[in-house]
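I have placed the structure first, in the form of structure tokens, so that the comments after it can refer back to it.
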Amino acid sequence: MRTHIFGIRHHGPGSARSLLRALEQLRPDAILVEGPPDAQEVLPLLAHPAMRPPVALLVYMPDEPQHAAYFPLAAFSPEWQAIRFGLAHGIPVRFMDLPQAHQLNAKGQTRNAKPEEPEAPDANFGPAAAADQHPNIAEAPDLQPSAFSLQPAEDPLGFLAAAAGYSDGERWWEHMVEQRRDGADMFAAILEAMRALREEFPQERGPLEAQREAWMRQTIRTALSEGYERVAVVCGAWHSPALLDLAGAREDAALLKGLPRVKTAATWVPWTYARLSFASGYGAGVESPGWYDHLWRHPEDTVVRWMARVAHLLRDEGLDVSSAHVIEAVRLAEALAALRDRPLPGLPELNEACLAVLCHGADTPMQLITGRLIVGERLGAVPDETPMVPLQQDLRRTQKRLRLPPEAAWKDYDLDLRRPIDLERSQLLRRLALLGVPWGQLRGSAGTGTFREIWRLQWEPELDVALIEAGVWGTTISDAAGARALDTATRAADLPALVTVVNQVLLAGLPDVVGPLMAQLAGRAALTGDVGQLMDALVREDDVTRASLVGSLRYGGVRQTDVQAITRVVDGLAARICIGLPGACASLDDDAAQVMFDRIVGVDGALRLLQNGEHLAAWHAALRRVADMAGAHGLVAGRCCRILLDAGALGADEAGRRLSLALSPAAPPLQAGAWVEGLLRSSAALLLYDETLWPILDRWVAGLSADAFQQALPLLRRTFATFTAPERRMMGERARQADRRPTSGDRRDGGAFDPERATAVLPLVARLLGVNVSLTGPDAAGEPMR
Numbered sequence: 001m002r003t004h005i006f007g008i009r010h011h012g013p014g015s016a017r018s019l020l021r022a023l024e025q026l027r028p029d030a031i032l033v034e035g036p037p038d039a040q041e042v043l044p045l046l047a048h049p050a051m052r053p054p055v056a057l058l059v060y061m062p063d064e065p066q067h068a069a070y071f072p073l074a075a076f077s078p079e080w081q082a083i084r085f086g087l088a089h090g091i092p093v094r095f096m097d098l099p100q101a102h103q104l105n106a107k108g109q110t111r112n113a114k115p116e117e118p119e120a121p122d123a124n125f126g127p128a129a130a131a132d133q134h135p136n137i138a139e140a141p142d143l144q145p146s147a148f149s150l151q152p153a154e155d156p157l158g159f160l161a162a163a164a165g166y167s168d169g170e171r172w173w174e175h176m177v178e179q180r181r182d183g184a185d186m187f188a189a190i191l192e193a194m195r196a197l198r199e200e201f202p203q204e205r206g207p208l209e210a211q212r213e214a215w216m217r218q219t220i221r222t223a224l225s226e227g228y229e230r231v232a233v234v235c236g237a238w239h240s241p242a243l244l245d246l247a248g249a250r251e252d253a254a255l256l257k258g259l260p261r262v263k264t265a266a267t268w269v270p271w272t273y274a275r276l277s278f279a280s281g282y283g284a285g286v287e288s289p290g291w292y293d294h295l296w297r298h299p300e301d302t303v304v305r306w307m308a309r310v311a312h313l314l315r316d317e318g319l320d321v322s323s324a325h326v327i328e329a330v331r332l333a334e335a336l337a338a339l340r341d342r343p344l345p346g347l348p349e350l351n352e353a354c355l356a357v358l359c360h361g362a363d364t365p366m367q368l369i370t371g372r373l374i375v376g377e378r379l380g381a382v383p384d385e386t387p388m389v390p391l392q393q394d395l396r397r398t399q400k401r402l403r404l405p406p407e408a409a410w411k412d413y414d415l416d417l418r419r420p421i422d423l424e425r426s427q428l429l430r431r432l433a434l435l436g437v438p439w440g441q442l443r444g445s446a447g448t449g450t451f452r453e454i455w456r457l458q459w460e461p462e463l464d465v466a467l468i469e470a471g472v473w474g475t476t477i478s479d480a481a482g483a484r485a486l487d488t489a490t491r492a493a494d495l496p497a498l499v500t501v502v503n504q505v506l507l508a509g510l511p512d513v514v515g516p517l518m519a520q521l522a523g524r525a526a527l528t529g530d531v532g533q534l535m536d537a538l539v540r541e542d543d544v545t546r547a548s549l550v551g552s553l554r555y556g557g558v559r560q561t562d563v564q565a566i567t568r569v570v571d572g573l574a575a576r577i578c579i580g581l582p583g584a585c586a587s588l589d590d591d592a593a594q595v596m597f598d599r600i601v602g603v604d605g606a607l608r609l610l611q612n613g614e615h616l617a618a619w620h621a622a623l624r625r626v627a628d629m630a631g632a633h634g635l636v637a638g639r640c641c642r643i644l645l646d647a648g649a650l651g652a653d654e655a656g657r658r659l660s661l662a663l664s665p666a667a668p669p670l671q672a673g674a675w676v677e678g679l680l681r682s683s684a685a686l687l688l689y690d691e692t693l694w695p696i697l698d699r700w701v702a703g704l705s706a707d708a709f710q711q712a713l714p715l716l717r718r719t720f721a722t723f724t725a726p727e728r729r730m731m732g733e734r735a736r737q738a739d740r741r742p743t744s745g746d747r748r749d750g751g752a753f754d755p756e757r758a759t760a761v762l763p764l765v766a767r768l769l770g771v772n773v774s775l776t777g778p779d780a781a782g783e784p785m786r
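Here the sequence shown stands for residues 1 to 786, where the numbers follow our numbering.
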């Protein structure tokens with residue numbers, strides 16, 4: 001027989017080890033691997049010394065990089081080992097799956113693709129042409145762990161598992177295949193089982209699956225026609241029976257005729273074990289990549305070595321684990337395997353032993369073991385010779401220069417922007433964010449005026465695709481980020497959105513873009529008649545760093561920004577806001593008044609931060625005009641008076657007069673309550689320490705009728721809810737003291753001194769003072785006092 005079928009499970013260490021033994025026995029003269037022929041040109045890189053799994057083949061459409069497919073590989077993947085075997089022994093290796101040039105279109109991911117006759121499987125392959133493939137993340141057509149977890153009615157392997165006494169097909173395959181160390185005989189058994197299952201449970205796999213298997217058969221026919229006598233075919237176990245019968249070449253050709261085709265490109269990208277897990281959504285993923293890696297690297301003493309790794313991890317985290325714990329955990333795992341009639345302890349037995357002995361029944365250490373060891377935090381690497389877009393190459397150079405290596409596990413960086421290298425790191429991460437490549441997340445900053453930024457970095461494989469997509473903007477990170485920012489600014493829906501882009505550019509350190517962006521901002525502000533947008537533009541802040549135009553102007557020296565350009569824009573915004581504020585505050589309803597209240601507070605804080613006397617004078621004049629407006633909403637008018645009072649532009653007597661007018665009987669209770677809220681919200685200090693305002697407010701509340709009090713109560717409660725607990729307590733004390741003050745009505749004779757009442761308390765006072773008092777007259781008990 002010239003064709004030898006090896007049905008495997010993707011990412012199975014047992015399958016990989018058995019496959020290597022079978023290939024050693026067979027010594028094939030050609031190896032065909034289920035994988036994308038589009039990647040044939042980059043296959044020689046797999047043998048490069050710098051290629052370190054896990055990695056993935058990335059096949060994408062150059063014109064639309066967002067349409068892409070990943071094909072991850074690990075050291076324990078059977079396809080990886082088959083390809084390495086072929087490269088090491090000079091055996092031609094070829095991918096045999098339906099090219100992604102057809103599959104991407106078949107999944108509806110392409111546009112304007114022209115139908116054309118598909119080319120024949122590539123016949124030009126040699127010792128250096130090799131690679132492997134797994135199903136695309138969006139599909140899972142092969143026999144794979146994610147399918148094993150289905151019910152028997154949906155997963156034919158479930159019947160085999162049930163007959164053998166296993167709970168699901170995943171566990172059955174694990175113990176019957178992955179833990180065996182057979183060679184070709186095991187694959188013969190797998191082929192026989194899969195053939196029986198396909199006959200007993202025919203499934204409608206859809207036209208794409210039929211086309212894939214037809215292309216595989218065509219590839220096998222091509223290899224045989226070229227004179228190869230021992231062709232090794234490595235494919236997903238479910239496909240293996242479909243590749244036995246090579247008759248029907250005409251039918252296969254008809255099935256493949258007229259497939260649409262699109263242009264594709266391929267490269268290698270680093271991958272992570274977290275992404276290799278099917279918990280990440282990868283269809284052909286496995287539950288425990290880290291555990292499988294351990295099985296592959298340590299076929300002997302697997303259990304003991306695993307428990308030792310767990311112990312090292314727990315000790316590094318400060319947990320007490322002794323050698324005795326490890327010995328008992330190994331014994332328990334082996335005992336559980338024996339009770340369950342398993343040849344060796346599997347991951348379930350090891351986890352139960354760890355939980356009982358090493359973790360003392362606590363779930364938290366087990367979560368640590370799962371994340372660090374069972375899934376793993378390994379990140380692969382690809383050689384520098386790997387085809388990359390210029391943007392990827394520039395990022396790799398910058399990462400090395402700034403000592404920011406990509407890592408699978410997150411890592412926090414505390415950056416001091418006064419150091420040049422930390423400033424460049426911050427700028428790089430912000431430039432990548434502008435490009436839609438969120439490598440880092442800003443975890444916190446002490447404020448715009450500080451020098452610290454805390455970033456959390458974690459590399460994800462998808463970021464390589466994002467870099468490829470961003471390649472249309474330029475060949476370097478700096479140029480591309482600037483071009484993308486200018487385009488985003490041009491399409492900004494309003495002035496605040498444009499300011500957001502400007503803030504990002506200022507923080508990203510793109511001086512060549514600041515000038516054009518400031519020109520756009522000044523032009524848009526000059527044409528904007530909406531005062532609310534102007535106010536939002538002045539105070540718009542970054543969500544985390546709280547950076548704004550005013551903040552960049554105030555602290556521009558820290559981030560080396562162009563303060564002159566910002567100054568011109570801020571001056572224009574401030575002037576237009578001061579001119580248009582009274583008109584914007586006219587005829588506001590409650591909701592609009594609340595929005596304007598927040599804007600006034602924000603603009604006041606921004607202008608006070610600038611400490612520009614001209615801006616503050618114009619701003620206070622605008623606030624006075626609003627406060628004097630007859631139709632101004634009470635919330636806005638009250639806040640304007642409060643700002644003027646705090647700034648010293650309004651005297652306490654004048655504030656009291658305005659409060660008296662606002663709380664006069666002629667004013668509606670709701671309007672008066674809104675005025676009080678605007679004056680006092682978020683700070684009770686004015687009411688506590690100003691002797692003029694307290695009695696005015698006290699008389700107004702006391703004079704409200706029952707109905708009017710019910711109307712004003714929600715506003716007053718909302719206002720007082722903004723005070724701190726100590727402020728509310730001090731206000732309560734002041735009110736209670738006011739209630740205890742004696743009045744003329746409290747005296748028996750209308751104001752004359754009463755000696756009897758005074759004498760009655762003298763004994764108690766004497767005792768408190770510790771003195772002897774001798775007075776004429778009876779004490780409280782009627783006895784003479786001495």
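Ideal placement from N, C-alpha and C gives every residue a C-beta, glycine not left out. The structure displayed is predicted, hence computed values, not measured ones.
- Taking 7 Å as the cut-off, the Cβ atoms of tryptophan 455 and leucine 432 do not count as close.
- For glycine 440, the enclosing beta strand (DSSP E) stretches over residues 440-444.
- Nearest in C-alpha terms to tryptophan 675, of all of Arg639, Cys585 and Thr370, is Arg639.
- Following the DSSP letters along the chain, one finds tryptophan 296 inside the alpha helix (DSSP H) bounded by residues 289-297.
- A contact between stretches requires three or more CB pairs, one per stretch, nearer than 8 Å, and the stretch 525-535 fails this requirement with the stretch 506-513.
- The three-state secondary structure of histidine 10, taken from DSSP, is coil.
- About 14 Å separates the beta carbons of leucine 347 and tryptophan 296, which is beyond the 8 Å limit, so they are not a contact pair.
- Rounded to whole angstroms, the Cβ separation of threonine 567 and leucine 553 is 6 Å, and the two are in contact under 8 Å.
- Ranked by how close their Cα comes to the Cα of valine 570, the residues Val603, Arg397 and Asp598 have Val603 in first place.
- In the three-state scheme derived from DSSP, where H, G and I count as helix and E and B as strand, glycine 236 is classed as strand.
- With respect to the 7 Å criterion, valine 505 and leucine 517 are classified as neighbours on the basis of their beta carbons.
- Secondary structure note for leucine 527: its alpha helix (DSSP H) is the uninterrupted segment 511-527.
- Excluding the 5 residues flanking it on each side, arginine 576 has same chain C-beta neighbours closer than 6 Å at Leu534, in chain order.
- For cysteine 578, same chain residues with a beta-carbon under 6 Å away, outside a window of 5 residues either side, are Ala618, Trp619 and Ala622 in chain order.
- A straight line joining the alpha-carbon of tyrosine 228 with that of lysine 257 spans about 26 Å.
- Shown here, lysine 400 sits in a helix according to DSSP, grouped into three states.
- For the stretch 355-390, the full-length alpha helix (DSSP H) segments reaching 4 residues or more read 363-369 along the chain.
- Here the alpha carbons of proline 289 and threonine 272 stand approximately 9 Å from one another.
- Rounded to whole angstroms, the gap between the alpha carbons of arginine 212 and proline 37 is 12 Å.
- A check of alpha carbon separations from threonine 264 across Pro62, Asp252 and Asp245 identifies Pro62 as the nearest.
- For histidine 620, the uninterrupted alpha helix (DSSP H) run begins and ends at 613-628, by DSSP.
- 7 Å or more divides the Cβ of alanine 75 from the Cβ of proline 49.
- Distance between alanine 237 and leucine 319, taken at the CA atoms: about 43 Å.
- Note that the C-beta distance between alanine 69 and glutamine 100 is below 7 Å.
- Selection Ala88, Leu98, Asp464 and Ala706 evaluated against proline 406 yields Asp464 as nearest (Cα-Cα).
- For arginine 221, the uninterrupted alpha helix (DSSP H) segment begins and ends at 206-225.
- DSSP places valine 286 in the strand class (E or B) of the three-state scheme.
- Aspartate 29 places its beta carbon 7 Å or farther from that of arginine 217.
- Spatial neighbours of alanine 565 in its own chain (CB-CB distance under 8 Å, excluding positions within 5 residues in sequence) are listed in chain order as Val514, Gly515 and Met518.
- In this structure, leucine 255 places its C-beta atom within 7 Å of the C-beta atom of alanine 214.
- By DSSP's assignment, histidine 4 forms a beta bridge with Ala232.
- In terms of Cα proximity to leucine 373, the closest of Ala308, Arg331 and Arg403 is Ala308.
- A direct Cα-Cα distance of roughly 58 Å separates valine 550 from leucine 98.
- In the structure shown, phenylalanine 720 falls within a helical segment according to DSSP collapsed to helix, strand and coil.
- Going by C-alpha positions, glutamate 654 is about 11 Å away from glycine 648.
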